[in-house]
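Visitor: Questions regarding the structure given below will be posed in turn.
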Amino acid sequence: MTLPRASSTSAAEARASVAVAEGVVGGADVVDEASVDGVGGTGGGGTAGVGGGGDEERLVRVGLSRVVEPGDLAALKAFAGMEVLEIWERLRGKAPGTERWSTRLATAQPERDLERAAAAGARFVIPGDDEWPEQVEVLAEAGQLTRRAGVPFGLWVRGPAHLRKTLARSVAMVGARACSSYGEHVAAELAGGLADNGITVVSGGAYGIDAAAHRGVLAGCGVTVAVLASGVDTSYPKSNSAMFSRIVEDGLVVSELPPGCSPTKLRFLARNRLIAAGTLGTVVIEAAVRSGALNSAGWAEQCGRAVLAVPGPITSRMSAGSHLLVRERDAVLVTSVAEIIEAVSPLGTGLAPRPQAPKNPSDDLPHDVRRTLDAVPVVNPAPAARIATTAGLDLPTTQSCLETLAALALVHPTPTGWRLTPTPP
6 MTLPRASSTS AAEARASVAV AEGVVGGADV VDEASVDGVG GTGGGGTAGV GGGGDEERLV
66 RVGLSRVVEP GDLAALKAFA GMEVLEIWER LRGKAPGTER WSTRLATAQP ERDLERAAAA
126 GARFVIPGDD EWPEQVEVLA EAGQLTRRAG VPFGLWVRGP AHLRKTLARS VAMVGARACS
186 SYGEHVAAEL AGGLADNGIT VVSGGAYGID AAAHRGVLAG CGVTVAVLAS GVDTSYPKSN
246 SAMFSRIVED GLVVSELPPG CSPTKLRFLA RNRLIAAGTL GTVVIEAAVR SGALNSAGWA
306 EQCGRAVLAV PGPITSRMSA GSHLLVRERD AVLVTSVAEI IEAVSPLGTG LAPRPQAPKN
366 PSDDLPHDVR RTLDAVPVVN PAPAARIATT AGLDLPTTQS CLETLAALAL VHPTPTGWRL
426 TPTPP
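Following the working numbering, the numbering of the sequence shown begins with 6 at its first residue and continues without gaps.
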């Protein structure tokens with residue numbers, strides 16, 4: 006949600022409001038964390054990004070990231086036009102209409118969250134920081150989708166790469182979890198090719214197309230970003246732990262949820278808006294008619310980003326959603342890295358070469374010569390007069406054309422007439 010920088014509220018008031026949250030017992034996530042493990046590795050040794058104990062706005066944003074669900078439409082409406090310290094004060098004072106969020110204050114311990122992030126090699130990036138990717142602020146005007154909306158209070162970032170610079174030239178790649186071998190192959194090939202061209206590939210770290218895209222980049226020397234619906238210290242799905250550890254060696258794992266949070270269906274839907282808003286375009290590879298990937302494509306549409314779709318077999322239900330995007334929602338059909346680059350580049354730049362068939366030796370022949378060549382038999386030689394009749398040309402013209410064709414080794418004479426030169430096996 007859109008939240009301006011800190012107001013003129015006094016530092017003492019801000020510290021007092023933060024202390025209210027820190028002085029209560031809690032800190033655990035409000036959802037069950039079963040089936041998730043901590044991500045392995047150190048995440049590149051990043052810092053927590055704290056501006057010291059007096060950085061009130063950062064602490065308040067950390068607290069709000071735990072109290073308010075990502076993309077909460079009700080919160081966006083309730084706190085419209087308010088600054089973060091004012092929102093925190095209203096929650097602390099249990100102002101009318103804030104009950105659904107003020108009850109979560111017991112779980113908000115900003116200092117503890119920052120320490121836990123630092124232990125995992127993560128940091129918290131907020132508006133005004135050098136790393137803050139300003140393009141996500143398009144969410145302030147992008148409207149809502151599946152009752153999610155708004156700019157995040159901040160982003161938890163794990164890994165050595167610079168968030169803003171990494172996302173400056175990036176493409177999202179999304180698709181089915183239960184993808185086919187075709188989809189997995191295409192995702193890996195396209196992601197690897199984009200990385201070779203200096204483009205960051207962003208996805209959600211899930212099974213299927215997401216994992217294939219990340220691994221396609223990791224197989225080379227590019228950079229990939231995983232945007233999670235859980236905390237950056239939480240591996241979900243847990244079987245992708247090794248992949249997340251490899252991502253944070255050179256790339257980034259990002260979330261708007263504080264450490265320790267586990268995913269829910271709504272958090273996945275909220276995560277999709279960040280993937281779409283933070284990139285230049287979203288490529289959909291294999292998506293059923295009811296697919297989370299189409300939600301990401303919807304967010305890309307609302308954020309004014311390019312929506313691209315890779316075609317698949319018409320017999321595959323996993324490609325039905327991709328085809329629907331092209332047929333009914335004006336998505337750009339793409340089949341190569343060059344076409345993706347063209348679609349996300351400024352108008353008139355990065356143009357992809359047009360597909361061309363291999364050059365045929367007869368392509369550039371004059372018209373009469375081509376007519377003569379078409380009339381020359383393949384097996385049984387024919388005299389020039391018969392060839393002239395078949396070609397609809399006079400005999401002198403036909404004889405001249407035959408000599409031209411013979412010089413090009415396309416025909417050759419025999420004792421009984423002319424025939425095509427056999428093609429080498």
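Idealized CB from N, CA, C, for every residue including glycine.
(1) Going by the CB atoms, is the gap between PRO382 and ARG424 shorter than 7 Å?
(2) Just tell me which of ALA193, ALA234, ARG334 has its CA closest to the CA of LEU262.
(3) For PHE273, name the three-state secondary structure that DSSP assigns.
(4) CA-CA distance, THR320 and PRO427?
(5) Please state whether the Cβ-Cβ distance between ALA196 and ALA218 is less than 7 Å.
(6) Have a look at the DSSP bridge pairing and note the partners of HIS372.
(7) Could you give the uninterrupted runs of the alpha helix (DSSP H) lying entirely in the region 100 to 169, keeping only those of 4 residues or more?
(8) With DSSP as the reference, label ILE290 as helix, strand or coil.
(9) Suppose you measure from the CA of GLY203 to the CA of GLY309; what does that come to, to the nearest Å?
(10) Consult DSSP for ALA469 and reduce its assignment to one of helix, strand or coil.
(11) For SER208, report the span of its beta strand (DSSP E) as first-last.
(12) Quick one: what's got a C-beta closer than 7 Å to ARG322's C-beta in the same chain, skipping five residues either side?
(13) Which residue's Cα is closest to the Cα of LEU119: PRO420, ARG391, PRO264?
(14) Classify GLY422 as helix, strand or coil using the three-state DSSP reduction.
(15) For a test of the three-state rule: what should DSSP assign to THR428, helix, strand or coil?
(16) Given ALA343, which residues of its chain have a CB within under 6 Å of its CB, disregarding the five upstream and five downstream residues?
(17) List the DSSP bridge partners of LEU338.
(18) Would you please state the rounded distance, in angstroms, between the beta carbons of LEU337 and ALA348? I believe it to be under 8 Å.
(19) With the cut-off set at 7 Å, would you say VAL162 and ARG121 are in Cβ contact?
(20) What does the alpha-carbon distance come out to for the pair LEU413 and PRO360?
Guide: Let's see:
(1) yes
(2) ALA234
(3) helix
(4) 41 Å
(5) yes
(6) Answer is none; HIS372 lacks a bridge partner.
(7) 104 to 107, 115 to 124
(8) strand
(9) 23 Å
(10) Because the chain in this structure spans residues 6 to 430, residue 469 falls outside the shown range and cannot be described.
(11) 205 to 208 is the extent of the beta strand (DSSP E) around SER208.
(12) ALA293
(13) PRO264
(14) strand
(15) coil
(16) ALA357
(17) ALA314
(18) The question names Leu, but residue 337 in the sequence shown is Val. Between ALA348 and VAL337 the Cβ distance is about 5 Å, and since that is below 8 Å, they are a contact.
(19) no
(20) 27 Å
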